Every structure is written in structure tokens, then in C-alpha cells.
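Letter 339 of the sequence shown, counting from 1, is numbered 338 in numbering that gives the first Met the number 0, and no numbers are missing.
Glycine included, C-beta positions come from ideal geometry on N, C-alpha and C.
Since this is a predicted model, take the numbers as computed values, not measurements.
Below: one structure, written as C-alpha cells.
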Amino acid sequence: MTPEQLLHESDLCVKCGLCLPHCPTYRITQDEGDSPRGRIALIQALLCGQLQSTPRLHAHLNRCLGCRACERACPSAVQYGRLIDGVRAIRSRQRPAARQWLYRKALGLLTSPRLLSIGARLLRLLPRHGSATAPFLHMQRLIGLCPNFSRPIRWQTAYPPAGKHAGRVALFLGCISRFSDQAALLSARRLLNRLGWEVIVPPKQVCCGALFQHAGEPATAQKLNAQNQAAFGAQPFEAILTIASGCGAHIKEHGALPAPIVDISSFLKQHSWPESIALEPLPQTVAVHAPCSLQTADAVYPLLNRIPEIELIPLADNALCCGAGGINLITEPEMADALLTPKLASLQRCRATILLTSNTSCALHFAAGIRSTGLEIEVLHPIQLLERQLRP
Ligand code: SF4
Ligand code: SF4
């Protein structure tokens, strides 16, 4: 969006403040600058030249998680997500060339499983308190979130179905989820095959681009989309399935692929299952987290209710972001942890033994929080649980 378009969009905000109670960062700091209304006012003042581009101003904008709870609450239909992405893109263009280059390289590192895994191994060789620079601290935080950094497995390009052929789908692997959510991806592939779906895994697929879009680098996001268009364009598919709701939401809104991108739970709910498929009972309490990018997660409940004796409980305050939005999980650790704390308390209160979530960064954030508090709760993707309960 051009500065003029951004100003036009921000002018739709009537400053009513109805979005404020829905904003997770405002709830924590109670600072107007950390609210949607305050951020819109800052964006307007910045674009009109009434305020300088200072670190303090950008700290307020950077703390925004991009959860878009404000958009859902706004009676004036302000497209807040486009505003914050747009102003970050303007800021990115204004950086000196060397800093912009570094910034892009850092984002590229975050979305490259191969480079991340090499970086993580190198970082472990450095003294624990060797450096307090931001990139070092961010990398350390990332490693804390993914303690079991492993090499991504080699995927075959095609997996034939078991039994009667239901159709052909493609599996979207994502960038970080390719290694942090490997178990969920493997479960998805096995479950789809058991249900009769042929699964294609195009080898040249890349990151969806969401991280770049929300970090002010829309041109890179578009480039990645073009690479994915070519990677998924070689064969016809009924759908391209994703296990990470953040990737799915981004591609639906900003990208275009040769087949519809569909959340795997929605897909499995829409299609009938062979009668021969039976699931083992699970007499346990299972909490269900709804990621911001999948707030209408109704597909998960009917799907999981196929498991006999399961007790499903929506996690309290599911409409509030867990703190893992965008890259804030790494760059704003204090805010991310402050938002997670009440969710961990809710989890403990409901005595769940398993927490299900359909988004990669939320899963990493919850799992790290659960590890650090010593809770014995497993964090799984809904598809992992379904596949685990399949009778042989
Ligand atoms: S973003 Fe929407 S809800 Fe929030 S202050 Fe502006 S008009 Fe009101
Ligand atoms: S996107 Fe989320 S964190 Fe950002 S202003 Fe809106 S509600 Fe607040």
C-alpha cells in the first residue's frame, strides 16, 4: 500500500476504542501506544510528518502481534492488518542499504531450515553469555523454542494411498514447521494415505512468505509465492493442505496457488472417511487452542469427536493471542511470555493432559512454556492425535 492508501485506510478509524479490550498488548501494558487505536494514531502522525520516526514510536508498532483481534472487533471495518504491514514496509524501504541487507538476511535465516540448523549448531559452540547483541539473543531464544533442532527429513515426491483411491492432494511443508513440526507432517501424510488420499510433496516448495509480509518485506513474500506457484503447478491436486494455520491464512489472503490451500482439519472434516477406519478410545481431557489465524476452528471439534471417550475443552480466552504472533515470539520475548502465562494457568486448571494447536509458532511457544513450568502436558497438532488413535 502507498502512504496515501495507508492514510485513507487509517482515516476510517473513528477512534471509538471498541477494539482496545480485545488487544492483547494493550491488556498487558495499558498504554494507548500499545493499542490498535493508539497505533493507528501513530501511523497517521508518522505519515503526515507530525511525528518523527523514533525508536520509541517503532517500539509501539513492533510490539503489535498482528493477531488482528482488533479487526474482528472493529465496527468500522478498519483493515488494521494491512495498515501495520504497510507501515512496516515503508520503514523497511527507509533503512540504510546495509541495514536493510542484514535485516533481509536475518529473515531469510529464520525461514531456512538448513541455515537455522547450521546456525543452531554453531551457536552452541559459543560461550553461553558470549554476546548480548540482538541477533545473538534472538537466535538463543529460537534455540530455546526448538531444543531438538534436527535436520529436515527427505520427503518422497509421492505417497500412494492405502486401499481405495479417494483423490490426490499436495502437502505444504512450510519453512520452520518442516523441521519443528516434522512429526505432525508425517502424521498428516500417514493419515491421508490411510483415508485413501495420494499425497504429493513437491520438492521445490518454499516458505509461504507470511513472515516476510508481516516484517515489511512484501516483495520477498511475492517472490516466494511465485516459486510455490511453479512448485505446485506441475500436477493437478484437489487441494494443497497445510498443517500451519498461519501459512494457510497468509496464502489465502496474499498469495495464489494452482489449487485451493486448505487447513488439513477442514479438509478431513469435509470428506467422508472409509467405513473400515476405527479410532481407539481416549478417556482424557484434551484442551484445544484456537490460533489467531484459525479463529473459526470448528472443524477441529467434529473431527476429534470421532475419538471415543475424548473430552474436548476449548482453552480459556482463546480469542486472545498466546504471544506467538509474527516474529514477536523471538523479538519480543517478555511480551510473548506475559501473554502465555495466563494460558498456562488455564491449562493447569482444566487438568488437560494434551493441548492441541494448529499453528507452528503457537505450538513452539506453548511447548517451551510447558517445559519451563514443569507441567506434564503434551502439545500436539490435532492431526497427530487422530493418527495416533487409528486402529491398525
Ligand atoms: S480501529 Fe475500529 S474499533 Fe478501534 S478505535 Fe478505530 S474504529 Fe474503533
Ligand atoms: S493486531 Fe493484535 S496486537 Fe496488534 S493492535 Fe490489533 S489486537 Fe493489538
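Check                                                                                                                                                   : Outcome
Should Thr-359 go down as buried or exposed, given a rule of 16 or more other Cβ atoms within 10 Å for buried?                                          : buried
Mapping DSSP to helix, strand and coil, what is Glu-279?                                                                                                : coil
Counting only the same chain and skipping the five closest in sequence on each side, list residues whose C-beta sits under 7 Å from that of Cys-349.    : Thr-284, Ala-286 and Ile-312
Hey, would you say the C-beta of Arg-348 is under 7 Å away from at least one heavy atom of ligand 1?                                                    : no
Got a sec? Which residues, its chain only, sit under 7 Å from Ala-335 by beta carbon, not counting five neighbours each side?                           : Gly-322, Ala-323, Asn-327, Leu-328 and His-364
Considering Glu-377, what are the terminal residues of the beta strand (DSSP E) in which it resides?                                                    : 377-379
Any C-beta of chain B sitting closer than 8 Å to the C-beta of Pro-23?                                                                                  : You won't find chain B in this structure, because it holds only one protein chain.
With three or more beta-carbon pairs closer than 8 Å as the criterion, would you say the segment 180-191 touches the segment 374-388?                   : yes
If you drop the 5 nearest sequence neighbours on each side, which residues of the same chain put their C-beta closer than 8 Å to that of Lys-203?       : Gln-226, Ala-229 and Ala-230
Flag this pair as yes or no: are the beta carbons of Cys-22 and Ser-75 separated by less than 8 Å?                                                      : no
Report yes if the C-beta distance between Arg-36 and Cys-18 is below 8 Å; otherwise report no.                                                          : yes
Around the Cβ of Trp-196, are there at least 16 other Cβ atoms within 10 angstroms (buried) or fewer (exposed)?                                         : buried
Would you call the segment 233-252 and the segment 165-180 in contact, with 3 or more CB pairs under 8 Å?                                               : yes
Report the residue from Leu-106, Ser-357, Glu-216 and Ala-362 whose alpha carbon sits nearest the alpha carbon of Leu-339.                              : Ala-362
Can you give the Cα-Cα distance for Ser-52 and Pro-217, rounded to whole angstroms?                                                                     : 21 Å
Look at the alpha carbon of Pro-391 and the alpha carbon of His-57, and state the distance between them as a whole number of angstroms.                 : 54 Å
Anyone know if the C-beta pair for Leu-374 and Lys-342 falls short of 8 Å?                                                                              : no
Would you identify the three-state DSSP class for Ile-199, choosing helix, strand or coil?                                                              : strand
Taking 7 Å as the line, does the beta carbon of Leu-64 fall inside it for any heavy atom of ligand 4?                                                   : For ligand 4, the structure offers nothing, since it holds only ligand 1 and ligand 2.
Can you tell me whether Pro-23 sits near ligand 2, meaning its C-beta is under 7 Å from at least one heavy atom of the ligand?                          : yes
Based on the DSSP output, what are the partners of Asp-262 in its beta bridges?                                                                         : Thr-241
Using alpha carbons as the reference points, say which of Leu-281, Trp-154 and His-213 lies closest to Glu-386.                                         : Leu-281
Ignore the nearest five residues each way along the sequence and tell me which others in Gly-192's own chain have a CB closer than 8 Å to its CB.       : For the sequence presented, residue 192 should be read as Asn rather than Gly. Closer than 8 Å at Cβ, skipping near neighbours: Tyr-158, Pro-159, Pro-160, Ala-161 and Val-198.
Does the distance from the C-beta atom of Leu-293 to that of Ser-371 stay below 8 Å?                                                                    : no
Lys-268 and Ala-238: beta carbons closer than 8 Å?                                                                                                      : no
Since Leu-302 and Ser-264 should fall inside the 8 Å C-beta cutoff, what is the C-beta to C-beta distance between them, to a whole number of angstroms? : 5 Å
Mind reading off the beta-carbon distance from Leu-64 to Gly-368? Whole number of angstroms is fine, and I expect it under 8 Å.                         : With 8 Å as the limit, Leu-64 and Gly-368 do not qualify as a contact, their Cβ atoms being about 16 Å apart.
Could you work out which residue in Glu-31, Pro-290 and Asn-61 is closest to Ala-88 when comparing CA atoms only?                                       : Asn-61
Under the assumption that Leu-210 contacts Leu-109 (Cβ atoms under 8 Å), give the Cβ distance between them as a whole number of angstroms.              : 6 Å
DSSP three-state label for Asn-236, please.                                                                                                             : Looking at the sequence shown, residue 236 is not Asn but Phe. Note: Phe-236 maps to coil in three-state DSSP.
Should Ile-39 be counted as a contact of ligand 1 given a C-beta to heavy atom distance under 7 Å?                                                      : yes
Excluding five sequence neighbours on each side, which residues of the same chain lie with their C-beta closer than 6 Å to the C-beta of Pro-332?       : Arg-140
What separation, rounded to the nearest whole angstrom, lies between the Cα atoms of Gln-99 and Thr-219?                                                : 13 Å
Skipping 5 residues on each side, what residues in its chain have a beta carbon closer than 7 Å to that of Gly-437?                                     : Here the chain covers residues 0 to 391 and nothing more, so residue 437 does not appear.
Using 8 Å as the threshold, is the C-beta distance between Pro-259 and Gly-232 below it?                                                                : no
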